[in-house]
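Asks: If you scroll down you'll find the structure; I have some questions about it.
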Amino acid sequence: MRQQVLNKELIFSDEKSNLFSKVESLGLLNKMFGGIQIDVNAALKKNNNELFEAHMCDHNCTIKWNGVETGGNYDCPAAFSQNLGINKKTIATGELIVKAVEKVANSIKDLKHDFILNKLDSYGKEFNVPAQVLEVYKDFIDCDDIEVALFGGSPEIHSDILWMIEELKSKGYIVTVTMTGRRLMLQPSFVEKLMENPPHVIALSADDFDGIEQIEHISNLSLEEIKAEWAKIPKQFGQRQKAYEAIYTIKLREQYGDRYPKLLLNIALHDQNLVNVSEFITRLSKCLPDVALNPFPVQSGFMYSPSPLSIEGIEYLNNFVDEIIESHFIEETKNNKYSAIVPRLHYWLMLKSALVRWRDTNKASDVISGDGFWRCYQGIGSGRYIQITSSDIVDNNQKVGGGCLSCFWNKSVADSRGKVWDLSKDDVTSYILTERESEIQKASMPCPGCAFPRLVFDVISGEVGLDKSLLDDYLKLRKKYVGY
-10 MRQQVLNKEL IFSDEKSNLF SKVESLGLLN KMFGGIQIDV NAALKKNNNE
40 LFEAHMCDHN CTIKWNGVET GGNYDCPAAF SQNLGINKKT IATGELIVKA
90 VEKVANSIKD LKHDFILNKL DSYGKEFNVP AQVLEVYKDF IDCDDIEVAL
140 FGGSPEIHSD ILWMIEELKS KGYIVTVTMT GRRLMLQPSF VEKLMENPPH
190 VIALSADDFD GIEQIEHISN LSLEEIKAEW AKIPKQFGQR QKAYEAIYTI
240 KLREQYGDRY PKLLLNIALH DQNLVNVSEF ITRLSKCLPD VALNPFPVQS
290 GFMYSPSPLS IEGIEYLNNF VDEIIESHFI EETKNNKYSA IVPRLHYWLM
340 LKSALVRWRD TNKASDVISG DGFWRCYQGI GSGRYIQITS SDIVDNNQKV
390 GGGCLSCFWN KSVADSRGKV WDLSKDDVTS YILTERESEI QKASMPCPGC
440 AFPRLVFDVI SGEVGLDKSL LDDYLKLRKK YVGY
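Structural data, given as structure tokens:
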């Protein structure tokens, strides 16, 4: 049950213990300084006798397949139709992946000490954070816990996935696996082995449903009935398959009880589900109880593409953002229809600042979809959820894909110095501090930004990386809702 939260009072007038509880309840910070998202299925493919990085996935999440609409609402870079000719033998081993995580984690820990000692006070002054509140912020980030998100296509198909989960947990990491659930549906022996040492969180996709009726229909099916209907879906309709796989994975929890990991549903908000988004969220919560929900606007800025959100979609989103902001201040869970949504007030205030700044203009949808919203490379303190993935650097001597300090969606921040498992800790640290920004300055087309909640991370990262055009409106909103 969500903790009680403040009623828009000036929180910095409270005792420190109360401040800590309120910052936590509003989702402003987590008890960690940073996180790592690693693409475990990056691989190589050959094109005109040159090797290129690609992504291994058993799904095809695209809007169209050979000119035919699939019912999908986005194009995933890992879709198998976009990665034909990939060589699965060039996927990095679990040992290399864990080595990469360890390299980045050690740098994150060093950066934490430097940030607290040398950067936190200047951050507080720049963003008008009272000293009492800043002290609480310090208590949150002065923690060695690091979340590792195993990511990229369908991570569960990696041959070493079970070993990686066990190894990372044994080293003290909080492990999330962002998966489709297909292997859990088709391979019972894999489920049994996974439950012997499961990740802390399984993250699934809930933006692939055709509508509320489909959610209710699939939720009312047995596991075998879900599998039977899924088998009739053409393989090119990846997003439709994922809808069935996600609910199957959630319903599978009934067989394992408390042994089952926590569940999170990522929900990209687009024109189709924004029309009735409030009902969509509440019915989803009712059909799939005790599942955390993570809604966010569909992203396109990283692809240098116009937003798919229409003017009407932005209006629906604006109303929804207002409701979510207010829901952070409802004390009783039973009275809060959005209680399943992960609390992160700063993120919704950031979205609202963009809607206020660009309301009634054509720019609103593009900014909400990432173009000019938030940037991981904007300053020290932003972008503390570090990504390890593929790059667009052609290297005919490389043997495995991935392992690059970069971004899954946009390669303009890619570290050109090589694979992270071959770099020194100083190299990794310098990338986070300075090289990421240097790579952007050299890029012909710098990444315009994004609004992915996991990457925006916490209130410090969000504020430092927020586009300067949005900052005044954001700070006014923070003052109104949080009191400083």
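Using our numbering, the letters of the sequence shown correspond one by one to residues -10 to 473. Ideal placement from N, C-alpha and C gives every residue a C-beta, glycine not left out.
1. Have a look at the DSSP bridge pairing and note the partners of Leu139.
2. At what residues does the beta strand (DSSP E) containing Glu42 begin and finish?
3. Going by CA-CA distance only, name the one from Gly161, Pro119 and Ser299 that's closest to Asp134.
4. Helix, strand or coil: how does DSSP classify Asn55 here?
5. Using only alpha-carbon positions, find the residue among Ser405, His335 and His317 that is nearest to Ser328.
6. Count the other C-beta atoms from every protein chain shown that fall within 10 angstroms of the C-beta of Cys132, then say buried if there are 16 or more, exposed otherwise.
7. With burial defined as no fewer than 16 other Cβ atoms inside 10 Å of the residue's Cβ, what is the status of Ile52: buried or exposed?
8. With a cut-off of 8 Å on the beta carbons, I'd call Pro284 and Ile330 a contact; round off their distance for me.
9. Pull up the CB-CB distance for Cys46 and Gln228, whole angstroms please, since I reckon it's below 8 Å.
10. Could you tell me if Val(-6) is buried or exposed, where buried requires 16 or more neighbouring beta carbons within 10 angstroms of its beta carbon?
11. Would you kindly report the start and end of the unbroken beta strand (DSSP E) that includes Val190?
12. Name, in chain order, the residues that DSSP records as bridge partners for Asn255.
13. Output needed for Arg272: all residues of its chain with C-beta closer than 8 Å, excluding positions within five of it in sequence on either side, in chain order.
14. Taking only the alpha-carbon atoms, compute the straight-line gap between Arg(-9) and Gly359 and give it to the nearest angstrom.
15. Taking the beta strand (DSSP E) that Thr378 belongs to, which residues open and close that run?
16. Look up Asp110 in the DSSP assignment and say whether it is helix, strand or coil.
17. With H, G and I counted as helix, E and B as strand and the rest as coil, what does DSSP make of Trp152?
18. Evaluate contact between the segment 396 to 404 and the segment 363 to 379, counting only Cβ atoms and requiring at least three cross-stretch pairs below 8 Å.
19. Would you identify the three-state DSSP class for Lys182, choosing helix, strand or coil?
20. Going by alpha carbons, who is nearest to Lys240 out of Asn262, Ile215 and Ala257?
21. Evaluate the contact criterion for the segment 9 to 22 versus the segment 329 to 348: three or more CB pairs, one atom per stretch, below 8 Å.
22. Given a threshold of 16 other Cβ atoms within 10 Å of its Cβ, counted over all protein chains shown, does Gly74 qualify as buried or as exposed?
23. Distance, Cα to Cα, Leu173 vs Phe446?
24. Which of the three DSSP states, helix, strand or coil, is assigned to Ile215?
25. Which of helix, strand or coil does DSSP assign to Val(-6)?
26. Please determine, among Lys11, Tyr420, Ser413 and Val266, the residue with the shortest C-alpha to C-alpha distance to Arg373.
27. Label Gly246 either buried or exposed according to how many other C-beta atoms from any shown protein chain fall within 10 Å of its C-beta, with 16 as the threshold for buried.
28. Taking three-plus beta-carbon pairs below 8 Å as touching, is the segment 465 to 473 in contact with the segment 359 to 371?
29. Ser10 by DSSP, collapsed to three states: which one?
Replies: Quick answer:
1. Paired residues: Ile27 and Val166.
2. Glu39 to His44 is the extent of the beta strand (DSSP E) around Glu42.
3. Minimum Cα-Cα distance from Asp134 among the listed residues Gly161, Pro119 and Ser299 corresponds to Gly161.
4. In the three-state reduction of the DSSP assignment, Asn55 falls in the coil class.
5. Nearest of Ser405, His335 and His317 to Ser328, Cα basis: His317.
6. Burial call: exposed.
7. Residue environment for Ile52: exposed (fewer than 16 other C-beta atoms within 10 angstroms of its C-beta).
8. Confirmed, Cβ separation roughly 7 Å.
9. For a cut-off of 8 Å, the C-beta gap from Cys46 to Gln228 is around 12 Å, too long to register as a contact.
10. Only weak support is given to the placement of Val(-6): the predicted model assigns it a pLDDT of 45, under 50, and the question is left unresolved by the model.
11. That run of the beta strand (DSSP E) goes Val190 to Ser194.
12. In DSSP, Asn255 forms a bridge with Ser194 and Asn283.
13. Annotation for Arg272: Ile201, Ile204 and Glu205 place their beta carbon closer than 8 Å to its own, counting only its chain and skipping 5 residues before and after.
14. With a pLDDT of only 42 at Arg(-9), under the threshold of 50, the placement of this residue in the model should not be trusted, and no figure is reported.
15. Thr378: member of the beta strand (DSSP E) spanning Tyr374 to Thr378, first to last residue.
16. Asp110 carries a helical assignment under DSSP once its states are collapsed to helix, strand and coil.
17. Of the three classes helix, strand and coil, the one that applies to Trp152 here is helix, per DSSP.
18. Here the segment 396 to 404 makes contact with the segment 363 to 379; the two share three or more CB pairs at distances below 8 Å.
19. Helix at Lys182.
20. Of the listed residues, the one whose Cα sits closest to Lys240 is Ile215.
21. These segments touch.
22. Exposed is the call here.
23. Rounded to whole angstroms, the separation of the alpha carbons of Phe446 and Leu173 is 29 Å.
24. Helix, per DSSP.
25. Per-residue confidence for Val(-6) stands at a pLDDT of 45, beneath the threshold of 50, marking its modelled position as unreliable; the derived number appears in the next sentence. Here Val(-6) sits in coil by DSSP.
26. Measuring from the Cα of Arg373, the nearest candidate turns out to be Tyr420.
27. Answer is exposed; the Cβ neighbour count stays below 16.
28. Because the criterion of three Cβ pairs below 8 Å is not met, the segment 465 to 473 and the segment 359 to 371 do not touch.
29. In the structure shown, Ser10 sits in a helix (DSSP, three-state: H, G or I).
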